[in-house]
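As you go down the protein sequences, you meet chains Z and E in turn.
Positions 582 to 937 (my numbering) are the ones given, in order, by the first sequence.
Positions 582 to 937 (my numbering) are the ones given, in order, by the second sequence.
2 protein chains.
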Amino acid sequence: MGSPKKQTPGAAPPAVSMADLARELGVSMTTISRALSDHHSIGAATKQRVLKLAKKLNYQPNHLAAALRKGQSRLLGVVVPYIEGKFFPSVIQGIEQAASKAGFSVIVCQSHEDVQLERRNVETLLNAQVAGVLVSLARNTQDYHHFDKVRSRGVPLVFFDRIPAGEQVNSVVLNDREGAFQSTRHLLEQGCRRIAHLAGPAHLNIYQHRRQGYLDALATYSIAPDESLIIRSDMSLEEGAQAMRQLLALANPIDAVFAAGDSAILGALQVLKAQGIRVPQDIALAGFSNEFFTAITEPQLTSVDQRCEEMGQAAVRLFLELAATPDAPFVQRQVVLQPELFVRESSRQGEGVGLG
Amino acid sequence: MGSPKKQTPGAAPPAVSMADLARELGVSMTTISRALSDHHSIGAATKQRVLKLAKKLNYQPNHLAAALRKGQSRLLGVVVPYIEGKFFPSVIQGIEQAASKAGFSVIVCQSHEDVQLERRNVETLLNAQVAGVLVSLARNTQDYHHFDKVRSRGVPLVFFDRIPAGEQVNSVVLNDREGAFQSTRHLLEQGCRRIAHLAGPAHLNIYQHRRQGYLDALATYSIAPDESLIIRSDMSLEEGAQAMRQLLALANPIDAVFAAGDSAILGALQVLKAQGIRVPQDIALAGFSNEFFTAITEPQLTSVDQRCEEMGQAAVRLFLELAATPDAPFVQRQVVLQPELFVRESSRQGEGVGLG
DNA sequence: AGGATATACACAAACGTTTGTGCAGAGACA
DNA sequence: TGTCTCTGCACAAACGTTTGTGTATATCCT
């Protein structure tokens, strides 16, 4: 009366392994392994035979076993704050593309802007024995000790966009200062002179640099920065709107706003339209990120493109370089991408609301 | 004269393994393994000692080894057409959340709407020994043989949103018919009677159902479907605009458009505004997906929310059920989520352009 | 011809887990 | 007292690769 359940209906069929190939061909597993990895000590004829049989039996290498033996997998870990909006999906897109070209798969984790989760994500990735870790920091990450483990395990570590402040790390970033500089200079060229700035969290490198670019551009026109025109926020739509209301309450009116993010400038735009203030005639606007919606608002919003996909690709390239020389002493590397300013209706003086 | 390079400066320190714990405690590795996995045959006292030492030595389990031994990893493979816009990122968000709660990591692959790539992605995931595969089909996938391997390996397979036609599969979908029905009924309730439909690729289940929902709603008002009012497209902004132009050329004018996607309805909106046709007074509009931009166009666009995150979570739950009973005979399961209609300015009769 | 070099392959030990089986002692029951 | 069931643990064989070392022929140089 044996249990009929023993039949295991959906059980996996015995996957063909190197041992099977070896038995079939009457050679050792060594030969199979080396033939498949194109090792020099295997004859061309043997390689052919192995490859042919492998194809015939539909041999699929078990990456897990290889990873275990070699101590690292073909997996690339990515930690980002979130995957909504345009930026991070696009960067991931670039990462995925470059990684798969190099034979790596990508694991994506979200920190949800939380250091705790970021820490756990890093642990998870290390436990999965990833070959490398690509990180864009959570907003409130100020302590970087959870990345020590990555390094000490000899796993290549690359930061992108949001990088640790004052640390020796490998990174790829946008030239945020330059982007902000171009954007602000453009506003100046349109004749604007009292330009406000919606700044982001002060400890994040990207917002520091955007602020600096804004200040530098003002300086080229010999305009002294006015602290009352610089408003910090979390770059959300709501706080952008709030900041705009605050700016409108100033005695000495402004004629332009440069925001370090598109959501904030959108919030500002909505406030202006609600109050019947014309954009760009009364107040010109410029944002940052070239979000999808910048092309469909009315007026369309001027913004700075962050080269998202290039950033992802560059991060992978950097990782590959590091992985290629595992024992090399650490030298800090940084890739800096050049932004591109997209001028749209919200900042072009001498144009009407320009309907389509 | 030994090479000084032998020092391997960045080499990984010997990670602490179960063998180390066993040696330290003077017990066998079996005991360690079972204590850590809370096996019943290990005494409470021993478990405590093991757990304590593990914490002290900062023991990190090697998932790779476990996966190799058990024949499956704690990785969940996901294949989606792309990760731009709102839908897929949000679904992935839901997947990630539910998966990490269950102790799984997620590998995301994009098929870029290409069957070839989709096939390769599936191979890649299987090679990575994923514990399960979650798929939303590429647009041109009509042959489903590349998923046979997944099943035959006993790996749980769940489709979401875009699922194979006429196949016995596990899936989680939105009630697209209901969403389209509600949306169209809403337009009818607003007084619209000649309602056009921008339909998507005919072979995708989602577009079939949205079309059907549209037809069903018309039927409740005893309106005979007019084929000249149904225009197929790829749901892009451009083709949406093109379709709108085509509709405007009709002798018998229409008074509303229900599109199976938000990009298409946005294209339509842009055409209407360019031609000075009032929305919703002259022509009312409704879309599908509840994309971010529906809330910022002017007028704001009525749309159907797809419960993206719920969909991701449901897919993971389904996977977990399947994984829990690996030897159970196949029974088709389908989770159907209820959509939610978001009524906005583009379809509300009796309202002006309603500037926020 | 003698020694070095290159070629072509096999042996077997890892990598770090999990798990079926075996074995001892303890308590329960007849 | 003998049998039975638990409890608590150890042995050792897997899982499918990679790779250092060994060994036999063939080739080359002088």
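Quick reminder that beta carbons are idealized off the backbone N, C-alpha and C, glycines included.
Remember, it's a predicted structure, so these values are computed and weren't measured experimentally.
Beta-carbon proximity check, residue i vs residue j, cutoff 9 Å
{"i": "Z:Ile811", "j": "Z:Ile835", "result": "no"}
{"i": "Z:Ser927", "j": "Z:Gln887", "result": "no"}
{"i": "Z:Ser560", "j": "Z:Leu656", "result": "Lying before the first or after the last residue shown, residue 560 of chain Z is absent from chain Z, which here runs from 582 to 937."}
{"i": "Z:Phe874", "j": "E:Phe668", "result": "no"}
{"i": "E:Gly735", "j": "E:Gln763", "result": "no"}
{"i": "Z:Asn786", "j": "Z:Gln919", "result": "no"}
{"i": "E:Ile688", "j": "E:Ala709", "result": "yes"}
{"i": "E:Ala849", "j": "E:Leu866", "result": "yes"}
{"i": "E:Gly675", "j": "E:Glu890", "result": "yes"}
{"i": "E:Leu602", "j": "E:Leu649", "result": "no"}
{"i": "Z:His784", "j": "Z:Gln697", "result": "no"}
{"i": "E:Ala837", "j": "E:Leu779", "result": "no"}
{"i": "Z:Thr883", "j": "Z:Gly868", "result": "yes"}
{"i": "E:Tyr640", "j": "E:Ser614", "result": "no"}
Cutoff 9 Å: residue i Cβ touching any chain E Cβ
{"i": "Z:Glu926", "result": "no"}
{"i": "Z:Tyr663", "result": "yes"}
{"i": "Z:Ser817", "result": "no"}
{"i": "Z:Asn833", "result": "no"}
{"i": "Z:Lys941", "result": "As displayed, chain Z neither begins before 582 nor continues past 937, which places residue 941 of chain Z out of reach and without an answer."}
{"i": "Z:Arg791", "result": "no"}
{"i": "Z:Pro939", "result": "Nothing can be reported for residue 939 of chain Z: it is not among the residues displayed for chain Z, which extend from 582 to 937."}
{"i": "Z:Gln913", "result": "no"}
{"i": "Z:Asn708", "result": "yes"}
{"i": "Z:Glu677", "result": "yes"}
{"i": "Z:Ser717", "result": "no"}
{"i": "Z:Arg720", "result": "no"}
{"i": "Z:Ala596", "result": "yes"}
{"i": "Z:Ser654", "result": "yes"}
{"i": "Z:Arg734", "result": "yes"}
Min CB distance residue i to chain Z below 9 Å
{"i": "E:Ile673", "result": "yes"}
{"i": "E:Thr611", "result": "no"}
{"i": "E:Ser614", "result": "no"}
{"i": "E:Ala646", "result": "yes"}
{"i": "E:Asn751", "result": "no"}
{"i": "E:Gln827", "result": "no"}
{"i": "E:Pro670", "result": "yes"}
{"i": "E:Leu847", "result": "yes"}
{"i": "E:Ala905", "result": "no"}
{"i": "E:Gln851", "result": "yes"}
{"i": "E:Ser814", "result": "no"}
{"i": "E:Leu557", "result": "This structure cannot speak to residue 557 of chain E, because chain E is shown only from 582 to 937."}
Exposure of residue i, with buried meaning 16 or more beta-carbon neighbours within 10 Å
{"i": "E:Arg604", "result": "exposed"}
{"i": "Z:Tyr802", "result": "exposed"}
{"i": "E:Gly713", "result": "buried"}
{"i": "Z:Gln653", "result": "buried"}
{"i": "E:Ala600", "result": "exposed"}
{"i": "E:Gln629", "result": "exposed"}
{"i": "Z:Gly760", "result": "buried"}
{"i": "E:Thr765", "result": "buried"}
{"i": "Z:Gly607", "result": "exposed"}
{"i": "Z:Leu922", "result": "buried"}
{"i": "Z:Gln588", "result": "Unreliable positioning characterises Z:Gln588 in this predicted model, as indicated by a pLDDT of 36, which lies under 50. The coordinate reading is nonetheless provided below. Answer is exposed; the Cβ neighbour count stays below 16."}
{"i": "Z:Arg925", "result": "buried"}
{"i": "Z:Lys586", "result": "At Z:Lys586, the pLDDT of 33 sits below 50, so the modelled position is not reliable; the number obtained from the coordinates is stated separately. Exposed, because fewer than 16 other Cβ atoms sit within 10 Å of the Cβ of Z:Lys586."}
{"i": "E:Asn871", "result": "buried"}
{"i": "E:Gly747", "result": "exposed"}
| task | Assess, as a yes-or-no matter, whether the segment 738-754 of chain Z is touched by the segment 910-917 of chain Z under the definition of 3 or more beta carbon pairs within less than 8 Å. | result | yes
Are the segment 767-775 of chain E and the segment 736-743 of chain E touching, with three or more C-beta to C-beta distances below 8 Å? Result no; under three Cβ-Cβ pairs closer than 8 Å.
| said: Can you pull out the residues from the segment 682-706 of chain Z whose beta carbon lies closer than 8 Å to at least one beta carbon of chain E? | reply: Ser686, Val687, Ile688, Val689, Cys690, Gln691, Glu704, Thr705 and Leu706
Q. For the segment 754-781 of chain Z, which residues have a CB atom closer than 9 Å to at least one CB atom of chain E, in sequence order?
A. none
Residues of the segment 869-897 of chain Z with a CB closer than 8 Å to any CB of chain E: list them in chain order, please. Phe873, Phe874, Ile877, Thr878 and Glu879
Three CB pairs or more closer than 8 Å across the segment 854-863 of chain E and the segment 852-870 of chain Z: no
message = Closer than 8 Å is the cut-off here; do at least three beta carbon pairs connect the segment 642-662 of chain Z with the segment 693-712 of chain Z?
response = The answer is yes - the segment 693-712 of chain Z touches the segment 642-662 of chain Z, with three or more Cβ pairs under 8 Å.
message: Output needed in chain order: residues of the segment 619-643 of chain E with a Cβ under 8 Å from some Cβ in chain Z.
response: Gln641, Pro642 and Asn643
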